[in-house]
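S.K.: Sharing a structure, written as structure tokens. Questions coming.
Residue numbers (the working numbering): 3 to 201.
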């Protein structure tokens with residue numbers, strides 16, 4: 003399976019156009035959240051992703067919530083949203099977790115979850131080939147510009163326990179396009195550019 007993955011579009015439709023040709027020839031798109039800015043401008047981005055025509059699996063970031071993403075994607079049968087849930091496509095199981103974990107200092111607009119809430123959503127799933135989460139696992143692809151690790155302990159715990167093939171994330175802009183390994187698992191902080199994955 004040829005996958006094109008990305009995160010943190012933040013209403014930049016030009017970013018989508020830059021990887022459109024790659025996305026059109028892919029088997030699956032994966033989006034790891036933050037399609038808009040501070041809960042505004044979501045629908046045009048989802049419309050642009052849908053217009054590519056390739057099936058897509060999307061999780062929300064902290065710039066939009068799960069209800070907003072579900073509503074924006076609802077008109078499109080080939081867009082699938084996940085939050086504490088899985089989907090299996092061509093024998094590849096994908097688990098999704100949206101939002102910022104742990105909580106951010108950004109204010110009321112930010113869609114944040116506690117580590118406990120994240121674990122409650124993740125723990126019922128015994129395995130996935132790919133974990134798509136907006137927040138990186140703690141200590142992996144999660145350094146901000148000051149070098150502080152801002153990732154999720156719950157995502158790290160689930161990853162160590164269940165060893166998916168990939169963890170695809172975003173959220174921490176200073177770590178875009180970084181990768182790290184947790185045992186057999188490859189962690190990739192995507193950013194708003196095409197990351198190609200072959201499974």
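Virtual Cβ for every residue (Gly too), placed ideally from N, Cα, C. The structure displayed is predicted, hence computed values, not measured ones.
Roughly how many angstroms separate the alpha carbons of residue 41 and residue 111, rounded to a whole number?
M.R.: Translated into positions along the chain shown, residue 41 becomes position 39. Translated into positions along the chain shown, residue 111 becomes position 109. C-alpha separation (whole angstroms): 7 Å.
S.K.: Report yes if the C-beta distance between residue 43 and residue 100 is below 8 Å; otherwise report no.
M.R.: As a first step, residue 43 is located in the chain shown; it is residue number 41 there, counting from the start. As a first step, residue 100 is located in the chain shown; it is residue number 98 there, counting from the start. No; because the gap between Cβ atoms is not below 8 Å, this pair is not in contact.
S.K.: Quick one: what's got a C-beta closer than 7 Å to residue 114's C-beta in the same chain, skipping five residues either side?
M.R.: The count along the chain shown starts at 1 and reaches residue 114 at position 112. Closer than 7 Å at Cβ, skipping near neighbours: 64, 101, 102, 105 and 106.
S.K.: Anyone know if the C-beta pair for residue 138 and residue 191 falls short of 8 Å?
M.R.: Here the question's residue 138 lines up with position 136 in the chain shown. Here the question's residue 191 lines up with position 189 in the chain shown. Against a cut-off of 8 Å, the Cβ pair of residue 191 and residue 138 comes out as a contact.
S.K.: Using the Cα positions of residue 182 and residue 146, report the straight-line distance between them to the nearest angstrom.
M.R.: Here the question's residue 182 lines up with position 180 in the chain shown. Here the question's residue 146 lines up with position 144 in the chain shown. Near 15 Å, if we compare the C-alpha coordinates of residue 146 and residue 182.
S.K.: Within 10 angstroms of its Cβ, does residue 144 collect 16 or more other Cβ (buried), or is it exposed?
M.R.: Locating residue 144 in the chain shown gives position 142, where the first residue counts as 1. The residue in question, residue 144, is buried, as its Cβ has 16 or more Cβ neighbours within 10 Å.
S.K.: Going by DSSP, what residues sit across from residue 30 in a beta bridge?
M.R.: Along the chain shown, read from residue 1 onward, the residue named residue 30 stands at position 28. 5.
S.K.: Which residues in the same chain have their Cβ closer than 8 Å to the Cβ of residue 1, if we skip the five residues on either side of it in sequence?
M.R.: As displayed, the chain neither begins before 3 nor continues past 201, which places residue 1 out of reach and without an answer.
S.K.: Give me, in chain order, the residues of the same chain whose beta-carbon lies closer than 7 Å to that of residue 13; leave out the 5 immediate sequence neighbours on both sides.
M.R.: What you label residue 13 is simply residue 11 of the chain shown in a count that begins at 1. Around residue 13: 38, 39, 43 and 47.
S.K.: Can you tell me whether residue 21 is helix, strand or coil according to DSSP?
M.R.: Residue numbering aside, residue 21 sits at position 19 when the chain shown is read from its first letter. Looking at residue 21 - three-state DSSP - the assignment turns out to be helix.
S.K.: Which of the three DSSP states is assigned to residue 157 in this structure?
M.R.: Position 155 of the chain shown holds residue 157. Here residue 157 sits in helix by DSSP.
S.K.: Give, in chain order, every unbroken run of the beta strand (DSSP E) that is at least 3 residues long and sits entirely within the stretch 114–188.
M.R.: 132–135, 168–171 and 181–184
S.K.: May I ask you to list the residues that DSSP assigns as paired with residue 191?
M.R.: For the purposes of this step, residue 191 is identified with residue 189 of the chain shown, where counting begins at 1. Bridge partners of residue 191: 171.
S.K.: Taking the alpha carbon of residue 29 as the point to measure from, which residue in 7, 121, 11 and 76 has its own alpha carbon closest?
M.R.: Locating residue 29 in the chain shown gives position 27, where the first residue counts as 1. Per the Cα distances, 7.
S.K.: Report the option in 10, 60 and 73 whose CA atom is closest to the CA atom of residue 179.
M.R.: Looking up residue 179 in the chain shown gives position 177. Nearest of 10, 60 and 73 to residue 179, Cα basis: 10.
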